[in-house]
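There are 2 protein chains.
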Amino acid sequence: MVIDGVGGLPHPETGKTELESAEKPNLDRIASESVCGLIDPVGTGITPGSAPGHLAIFGYDPIKYSVGRGIIEALGIDLELKPGDIAARGNFCTIDKNGIITDRRAGRISTEKNAELCQLLNRIAIAGVETIVMPVKEHRFVLIIRGEGLSPELTDSDPQQVGLAAKEIEALSPRARRTAEIANEFVSQARGLLGSAGNNIPSANMVLMRGFSRRPDIPTIPEIYKLKPAAIAIYPMYRGLARLVGMKLLPAGVNITDQMESLHRYYGDYDFFFVHFKSTDSRGEDGNFEAKVHAIEEVDAALPNLLNLNPDVLIVTGDHSTPATLAAHSWHPVPFMLRSRWCRPDNVAAFSERACLAGGMGRFPAVEIMSLAMSNALKLDKFGA
Amino acid sequence: MVIDGVGGLPHPETGKTELESAEKPNLDRIASESVCGLIDPVGTGITPGSAPGHLAIFGYDPIKYSVGRGIIEALGIDLELKPGDIAARGNFCTIDKNGIITDRRAGRISTEKNAELCQLLNRIAIAGVETIVMPVKEHRFVLIIRGEGLSPELTDSDPQQVGLAAKEIEALSPRARRTAEIANEFVSQARGLLGSAGNNIPSANMVLMRGFSRRPDIPTIPEIYKLKPAAIAIYPMYRGLARLVGMKLLPAGVNITDQMESLHRYYGDYDFFFVHFKSTDSRGEDGNFEAKVHAIEEVDAALPNLLNLNPDVLIVTGDHSTPATLAAHSWHPVPFMLRSRWCRPDNVAAFSERACLAGGMGRFPAVEIMSLAMSNALKLDKFGA
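In the order they appear, the protein sequences are chains A and B. For the record, in the first sequence the residue sitting at position 218 is 275 according to the working numbering, with numbers rising by one throughout. For the record, in the second sequence the residue sitting at position 374 is 431 according to the working numbering, with numbers rising by one throughout.
Next up, the structure:
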């Protein structure tokens with residue numbers, strides 16, 4: 058059970074964090090029956106993005122297995138990627154008659170206009186490859202280049218500031234030269250199509266590309282752990298990450314109640330479930346302390362419908378902290394608890410940052426969670442004789 | 058704020074460590090507003106010298122970035138080294154007429170006699186290089202060999218015991234052959250000069266050389282962290298280490314009061330300050346428990362004049378422990394605290410070994426301090442999307 062961004066910081070008036078402020082009898086009861094601790098998703102002082110935060114929880118060294126920006130954007134709109142596909146993030150932008158960028162986001166055009174423009178860009182034809190353009194939100198889109206022998210080792214065209222022209226995309230290694238030509242050809246054709254009177258949106262007359270990347274070659278959870286894993290996540294990016302590591306995607310509905318129902322329905326069909334709860338992170342990023350507290354209470358209220366399944370091993374943690382006072386992801390360690398018949402309980406009786414400090418796991422790297430889970434499920438052999 | 062050797066061990070009568078015995082209201086108040094913990098400067102069970110202890114605090118892996126004995130001695134007398142300089146530590150010693158060492162320290166001659174003998178050795182001339190001999194203390198001196206194409210890959214001449222002759226200095230790699238010849242020529246000329254009647258100190262009639270080393274090629278703090286760092290340290294070795302990592306050296310006066318005044322004077326000109334307090338370590342090495350307690354109280358009394366600057370991030374720790382009962386550096390973890398608007402306070406309300414055990418950082422490697430400091434200063438980007 059991943060409660061996204063669950064870790065927090067004290068409210069300046071009460072001195073209590075979001076977790077310490079919430080009414081959460083179920084989380085606290087689990088804590089009293091668990092071995093508790095605090096995880097570092099990436100490392101001391103490092104603020105994790107959602108991808109490295111989740112990869113670490115799933116047992117992958119988040120430094121070794123990095124997921125590029127283009128891939129993240131593609132996962133975020135539920136695009137199914139094929140091996141070898143190159144993905145990049147695109148911005149619709151505005152340039153003047155000399156090609157100088159005047160607005161990197163083309164006035165944040167509507168998602169509907171974005172979809173129209175993507176239709177236009179899907180007319181682009183480049184010999185030997187297929188290019189697929191999909192809208193994300195406002196000015197953001199994803200480009201997929203599909204074909205043989207492509208490489209993501211490319212520079213960005215986005216200079217990251219106005220007053221400059223878009224940069225030529227360059228190959229960072231000889232094997233990426235053809236892909237660089239293809240990417241530049243895409244940009245050139247895009248400029249032609251967008252700049253023509255026909256598109257009726259003269260403001261968004263150019264594209265800026267960045268984060269060319271390929272799906273990382275990552276061993277899957279079934280391969281590594283011989284598990285049959287499934288994900289119950291509502292938001293596309295988390296579903297995408299789950300698929301990346303070999304999880305089957307199950308229906309998740311629209312809220313935690315739906316997710317718990319799905320868990321019940323499929324409980325006999327899989328032996329590992331990843332349930333993702335998003336709004337703790339969203340309310341933290343909003344800077345809304347009270348709303349984050351309520352989101353925690355919403356999870357807590359849904360837990361009886363998980364506990365009645367009596368899982369062999371139950372883990373509750375987060376992929377990173379998102380303190381409402383900071384209104385952003387942060388580097389702070391994240392409360393963690395694992396309950397199983399074979400865990401060694403400690404004296405922790407509440408699920409919070411301060412309480413978990415006294416937990417049996419202490420502070421430890423999130424990447425170690427999976428081996429702890431496996432051992433508590435009695436699925437690991439003894440090491441050595 | 059580095060309180061050198063601050064960690065200790067319990068007094069056999071009171072059962073309290075030096076920190077637990079001191080009256081230190083300011084340190085304790087900072088602890089109650091901080092995230093606390095215990096650092097391992099090098100690793101479990103490893104007693105750090107001052108150089109690795111400080112390098113770790115400054116963010117350098119002390120195993121990877123080792124600073125040779127010769128360089129340490131040179132830094133310790135404030136010698137400014139040029140790139141390529143080879144430094145070695147020398148002992149004045151006594152040999153009999155067969156060249157057998159009878160006293161490795163020549164009766165611990167006075168520092169004044171040492172200076173006279175160094176004058177004598179500065180007459181040595183070797184083609185193609187410059188040799189510089191500088192007194193340290195009692196029988197110890199530093200030799201600098203300055204020139205092109207030198208290598209520090211040399212064996213010691215010091216056999217580390219009496220009853221043997223000084224060893225020939227040997228090259229450990231082919232590229233060090235010429236430097237080995239130069240070093241042996243230095244020893245040969247030194248023996249000639251010291252052995253002649255003219256020096257009037259027949260007891261110190263030979264030199265023993267060890268720790269040939271070169272200034273490590275170390276990326277600086279401005280390069281790594283884009284900081285503008287300054288050091289306020291009284292003792293030469295710490296100033297030398299600070300300069301090695303790219304810190305500007307500021308006036309430090311003669312005591313902690315002077316140091317705090319310097320901090321105030323230059324506070325607007327830099328964004329990182331290293332303040333070094335020495336006498337906790339010195340009194341620990343003396344084995345003087347009470348004096349070390351008083352040294353801690355001296356730091357504590359100076360702290361209000363630091364706190365009134367209200368730094369964004371304040372870190373107080375030590376480079377290693379120096380328990381007075383052991384009268385030496387030790388391997389014990391060192392209390393640590395970091396105060397910032399964005400730290401997550403724990404329940405620790407005192408700055409001591411036992412209290413910090415319950416801290417939010419737990420026990421952690423000192424080399425991680427800098428990333429924690431940078432994140433608390435909101436100077437780091439998120440890792441991954």
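A virtual CB, placed ideally from N, CA and C, is assigned to each residue, including glycine.
Step through the CB atoms of chain B and report whether any lies within less than 9 Å of the CB of L414(A). By this cut-off, L414(A) is an interface position.
Outcome for Q316(B) when other beta-carbon atoms lying within 10 angstroms are tallied against a minimum of 16: buried
Does the CB of S339(A) have a neighbour CB from chain B at under 9 Å? Put simply, the CB of S339(A) is far from chain B, with every gap to its CB atoms at 9 Å or more.
So, does the CB of H321(A) fall closer than 9 Å to a CB anywhere in chain B? no
Here's the rule: buried if 16 or more other CB atoms are within 10 angstroms of the residue's CB, otherwise exposed. What is D274(B)? The residue in question, D274(B), is exposed, as its Cβ has fewer than 16 Cβ neighbours within 10 Å.
Using CA coordinates, which residue listed in P98(A), G106(A), A79(A), S91(A) is at the minimum distance from E342(A)? G106(A)
Alpha-carbon spacing of R162(A) relative to R146(A), whole angstroms: 13 Å
Is it right to say H196(A) is buried, meaning 16 or more other beta carbons lie within 10 angstroms of its own, or is it exposed? buried
When you compare the CB of W388(A) with every CB in chain B, is at least one pair closer than 9 Å? yes
Sorted by chain position, which residues of the same chain lie with C-beta nearer than 7 Å to P67(B)'s C-beta, five sequence neighbours on each side aside? K73, T74
In this structure, how does DSSP classify L284(B) when only helix, strand and coil are distinguished? coil
In the DSSP assignment, find the unbroken alpha helix (DSSP H) run with M294(A) in it and report its ends. 293-301
Say yes only if the C-beta of I289(A) is nearer than 8 Å to one or more non-hydrogen atoms of the ligand MG, and no if none qualify. Only the bare structure without any ligand can be found here, which leaves the ligand MG out of the picture.
Just the C-alpha distance for R401(A) and V92(A), rounded to the nearest angstrom, thanks. 6 Å
So what's F334(B) in DSSP terms, helix, strand or just coil? Secondary structure at F334(B): strand, using DSSP grouped into helix, strand and coil.
The beta strand (DSSP E) enclosing T159(A), as first and last residue numbers: Where T159(A) is concerned, the enclosing beta strand (DSSP E) stretches over 158-160.
At a CB distance below 7 Å, what residues from the stretch 79-91 of chain B approach chain A? Give them in sequence order. none
Using a Cβ-Cβ cut-off of 9 Å, state whether D403(B) counts as contacting chain A. yes
Near M304(A), which residues of its chain fall below 7 Å by C-beta distance, leaving aside the five closest residues on each side in sequence? I278, P286, A287, A288, F331
So does the stretch 123-139 of chain B actually touch the stretch 221-236 of chain B, counting three or more Cβ pairs closer than 8 Å? Contact between the stretch 123-139 of chain B and the stretch 221-236 of chain B is absent: fewer than three C-beta pairs spanning the two stretches fall below 8 Å.
Quick check on E77(A): buried or exposed, where buried means 16 or more other Cβ atoms within 10 Å of its Cβ? buried
Bridge-paired residues (DSSP) for K305(B): DSSP lists A287(B) as partners of K305(B).
Hey, how far is the Cα of P82(A) from the Cα of Y295(A)? 27 Å
What does the Cβ neighbour count give for I202(A), buried or exposed, with the cut at 16 atoms within 10 Å? Under this definition I202(A) is a buried residue.
With three or more C-beta pairs closer than 8 Å as the rule, is the stretch 409-429 of chain B touching the stretch 381-397 of chain B? Yes, the stretch 381-397 of chain B touches the stretch 409-429 of chain B.
Could you spell out the range, first to last residue, of the alpha helix (DSSP H) harbouring S428(B)? 426-433
So for K194(B), helix, strand or coil by DSSP? strand
Output the distance between the C-alpha atoms of V264(B) and A247(B), rounded to the nearest integer angstrom. 7 Å
Could you check whether A182(A) and S214(A) sit closer than 9 Å to each other, using their CB atoms as the reference points? For S214(A) and A182(A), no; Cβs fall outside 9 Å.
Please confirm whether A261(B) and I166(B) have their CB atoms less than 9 Å apart. yes
Pull up the distance between the alpha-carbon of G116(B) and that of Y292(B), whole angstroms please. G116(B) and Y292(B): Cα-Cα distance of roughly 21 Å.
Do the stretch 405-415 of chain B and the stretch 378-389 of chain A make contact, defined as three or more Cβ pairs closer than 8 Å? no
G64(B) versus G94(A) - alpha carbon distance: 26 Å
Whose Cβ in chain A lies nearer than 8 Å to the Cβ of E425(B)? The contacting residues are G100, T101, G102.
So what does DSSP say about L138(A), is it helix, strand or coil? coil
Measure from the alpha carbon of V186(A) to the alpha carbon of each residue in G204(A), Q176(A), V199(A), N171(A), then state which is nearest. G204(A)
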